[in-house]
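Asks: Quick one: this structure, given as structure tokens, is what I'll be asking you about.
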Amino acid sequence: MPISQGGRGARRPAPRDYPGADTLNAQAHDLRETMKTFEELYAELAEKARTRPAGSGTVAALDAGVHAIGKKVVEEAAESWMAAEHESADRAAEEISQLLYHVQVLMLARGIGLDEVYKHL
49 MPISQGGRGA
59 RRPAPRDYPG
69 ADTLNAQAHD
79 LRETMKTFEE
89 LYAELAEKAR
99 TRPAGSGTVA
109 ALDAGVHAIG
119 KKVVEEAAES
129 WMAAEHESAD
139 RAAEEISQLL
149 YHVQVLMLAR
159 GIGLDEVYKH
169 L
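Terminal number for the sequence shown in this note's numbering: 169, no gaps in between.
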């Protein structure tokens, strides 16, 4: 049985060797087809900021300005915390995704690119 390296030197069977792994791997592939990465979301939002499509919530947020966007970031951070503490992991992930969206809108409003943030990680 193939072995994969886990964290801190742990050894465990490779994920494809678990019962049902083929189904899980297919589901993960399907999910990746519909998911966005942080970079893809930023590119999408930057395009909306550039083209300013009518009815865009992103454009409305950018027009509201940094102060309004910042308030939304604080609100979503609090909701993420509360969901993480009192709700399911899925609900917490949903709130965190909303937080990440608003953080990226704030970045765009200030003209901050991903690389400018990444250099501080």
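By construction, the Cβ of each residue, glycine as well, lies at the ideal position given by its N, Cα and C atoms.
In this text, all values refer to a predicted model and were calculated from it rather than measured experimentally.
Specify the secondary structure class of residue 58 as computed by DSSP and reduced to three states.
Replies: Stepping through the sequence shown from its first residue, residue 58 is reached at position 10. Only weak support exists for where residue 58 lies, its pLDDT of 49 falling under 50; the value from the coordinates is given anyway. DSSP places residue 58 in coil when its eight states are reduced to three.
Asks: Alpha carbon to alpha carbon, how far is residue 149 from residue 142? Give it in angstroms, no decimals.
Replies: Translated into the one-based positions of the sequence shown, residue 142 becomes position 94. Translated into the one-based positions of the sequence shown, residue 149 becomes position 101. Roughly 11 Å between the two C-alpha positions.
Asks: Using C-beta distances below 8 Å, list every residue in its chain close to residue 97, excluding the 5 sequence neighbours before and after it, in chain order.
Replies: Here residue 97 refers to the residue found at position 49 of the sequence shown. Around residue 97: 106, 107, 110, 156.
Asks: Hey, would you say residue 93 sits closer than 8 Å to residue 125, going by beta carbons?
Replies: By one-based count along the sequence shown, residue 93 stands at place 45. By one-based count along the sequence shown, residue 125 stands at place 77. Not in contact: residue 93 and residue 125 (Cβ atoms no closer than 8 Å).
Asks: Here's the rule I'm using: 16 or more other beta-carbon atoms within 10 Å means buried, otherwise exposed. How should residue 153 be labelled?
Replies: Your numbering for residue 153 matches position 105 in the sequence shown. Buried: at least 16 other Cβ atoms inside 10 Å.
Asks: Which of helix, strand or coil does DSSP assign to residue 103?
Replies: Start at 1 with the first residue of the sequence shown, and residue 103 comes out as number 55. Here residue 103 sits in coil by DSSP.
Asks: Counting along the chain, where does the alpha helix (DSSP H) carrying residue 83 start and finish?
Replies: Taking the sequence shown and counting its residues from 1, the one referred to as residue 83 is at position 35. Where residue 83 is concerned, there is no enclosing alpha helix (DSSP H), given that its DSSP letter is neither H nor E.
Asks: For a test of the three-state rule: what should DSSP assign to residue 154, helix, strand or coil?
Replies: Locating residue 154 in the sequence shown gives position 106, where the first residue counts as 1. Helix at residue 154.
Asks: Take residue 159 as the anchor and find which of 133, 81, 90, 116 has the nearest alpha-carbon.
Replies: What you label residue 159 is simply residue 111 of the sequence shown in a count that begins at 1. For the residues 133, 81, 90, 116, the minimum Cα distance to residue 159 belongs to 90.
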